[in-house]
Amino acid sequence: MHPHHHNHQSSWTTLSQPFQQYTFNHVLPQSSLPNGGLFKRVVDGLQFAYEGSSSSTTSPSADHYLGFQPGSNTLGIQTDTTKMTTQEMADAKAIAASKSHSEAERRRRERINNHLAKLRSLLPNTTKTDKASLLAEVIQHVKELKHQTSIIAAQIPVPSEIDELVIDNTSDEEGRIVIKASLCCDDRSDLLPDLIKTLKLLQLRTLKAEITTIGSRVKNVLFLTGEDHMNSNEDEKVVNHWVYSITEAIKAVVEKTNDGNDCSFASIKRQRTNNIDIFNHRRRL
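Residue numbering for the sequence shown follows our numbering, starting at 56 and increasing by one per position.
Right under this line is the structure:
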């Protein structure tokens with residue numbers, strides 16, 4: 056064999072050794088590659104270059120020509136981190152809102168349980184544990200308390216918060232007309248003296264008196280009759296006028312103020328004059 060031919064065969068054998076292949080998933084158009092699609096590529100560990108380049112020359116990597124950059128995808132398109140941040144913020148807000156709702160619900164249930172515990176402690180001898188039965192028992196207990204209060208109020212006169220005067224007339228077993236005067240006002244030191252003076256001026260006699268005070272309020276319930284013993288056989292107009300005169304006189308006492316002494320007693324004197332006229336009218340009959 057010719058020596059030169061042998062050397063050529065040996066050189067070819069060296070070049071035909073397997074070499075590492077690199078495959079790019081995305082193929083770029085040739086117009087985007089330098090030199091019409093021909094570019095220099097150097098592979099670490101393989102000391103030769105394509106297209107006649109020397110092995111000692113370091114060429115820019117393929118990433119340089121492909122436009123690879125940190126934080127970008129294989130096509131060199133910059134990743135949109137703004138959308139990811141917005142989504143993360145939305146998720147964080149949703150989680151925070153859920154936690155806030157759960158906390159508010161926990162506090163609401165805690166308040167309800169505390170109120171139920173207080174109601175349970177106020178009820179006498181309660182054995183109910185569930186909420187529905189407990190509330191039903193509370194409602195029934197409140198109704199009973201309201202009924203007891205109405206009974207007590209009917210038996211014992213309790214002063215109201217507003218000034219009031221109620222006059223009723225009836226007759227006793229002997230046929231005498233009895234006036235029931237119920238008055239409620241502020242308690243003051245001159246109230247009873249004024250009432251006594253007014254009743255004397257009206258020629259009324261007190262059969263019974265009930266006086267109840269609570270704080271600064273007082274309620275007087277007076278059972279009155281005329282000294283002249285007006286009875287139920289009297290003319291209706293005369294009786295009505297007599298009751299009206301008593302009502303106006305006691306009303307003046309109830310509405311009396313510290314600065315209105317003269318005005319109040321002037322009204323009482325007028326009522327006394329009217330009563331005298333009524334009595335004179337009865338005598339003439």
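The C-beta atom is built at its ideal place from N, Cα and C for all residues, glycine as well.
Fair warning: this is a prediction, and the values are worked out from it, not measured in the lab.
Within this structure, are the beta carbons of residue i and residue j separated by less than 8 Å?
i: residue 276; j: residue 212; result: yes
i: residue 294; j: residue 220; result: no
i: residue 222; j: residue 302; result: yes
i: residue 306; j: residue 249; result: no
i: residue 197; j: residue 240; result: no
Report the residue from the options whose alpha carbon sits nearest the alpha carbon of residue i.
i: residue 256; options: 304, 311, 201; result: 304
i: residue 235; options: 152, 161, 141, 298; result: 298
i: residue 266; options: 247, 203, 280; result: 247
i: residue 225; options: 152, 300, 159, 279; result: 279
i: residue 349; options: 166, 288, 167; result: With the chain running from 56 to 340 in the structure shown, residue 349 is simply not present.
i: residue 232; options: 172, 162, 290, 168; result: 290
i: residue 192; options: 202, 181, 200, 201; result: 181
i: residue 188; options: 175, 200, 199; result: 175
i: residue 283; options: 296, 258, 300; result: 258
Output the distance between the C-alpha atoms of residue i and residue j, rounded to the nearest integer angstrom.
i: residue 154; j: residue 147; result: 11 Å
i: residue 120; j: residue 140; result: Note that residue 120 has pLDDT 46, beneath the 50 cutoff, so the model's placement of it is unreliable and the number below is only indicative. Whole-angstrom Cα-Cα distance: 31 Å.
i: residue 268; j: residue 238; result: 12 Å
i: residue 260; j: residue 210; result: 24 Å
i: residue 82; j: residue 150; result: Residue placement at residue 82 is poorly supported in this model, since its pLDDT is 48, which falls under 50; the coordinates are not used for a value here.
i: residue 164; j: residue 205; result: 36 Å
i: residue 253; j: residue 270; result: 25 Å
i: residue 172; j: residue 185; result: 11 Å
i: residue 281; j: residue 292; result: 16 Å
i: residue 296; j: residue 208; result: 31 Å
i: residue 243; j: residue 300; result: 24 Å
i: residue 285; j: residue 202; result: 39 Å
i: residue 142; j: residue 156; result: 21 Å
i: residue 161; j: residue 199; result: 34 Å
i: residue 166; j: residue 144; result: 33 Å
i: residue 152; j: residue 159; result: 10 Å
i: residue 170; j: residue 245; result: 48 Å
Only counting the same chain, and skipping five residues up and downstream in sequence, which positions put a Cβ closer than 7 Å to that of residue i?
i: residue 227; result: 233
i: residue 178; result: 192, 193, 196
i: residue 263; result: 278
i: residue 136; result: Unreliable placement is indicated for residue 136, whose pLDDT of 49 sits below 50; no coordinate value is reported for it.
Take residue i and list the residues in its own chain whose beta-carbon comes closer than 6 Å to its own, dropping the five residues that flank it on each side.
i: residue 168; result: none
i: residue 251; result: none
i: residue 190; result: none
Write down every uninterrupted run of the alpha helix (DSSP H) in the segment 153–218 whose length is 4 residues or greater and which is fully enclosed by it, in chain order. Here the runs fully enclosed are 186–210.
Only counting runs of 3 or more residues, tell me where the beta strand (DSSP E) segments fall wholly within the segment 234–292, in order along the chain. Fully enclosed beta strand (DSSP E) runs of 3 or longer: 259–269, 272–281.
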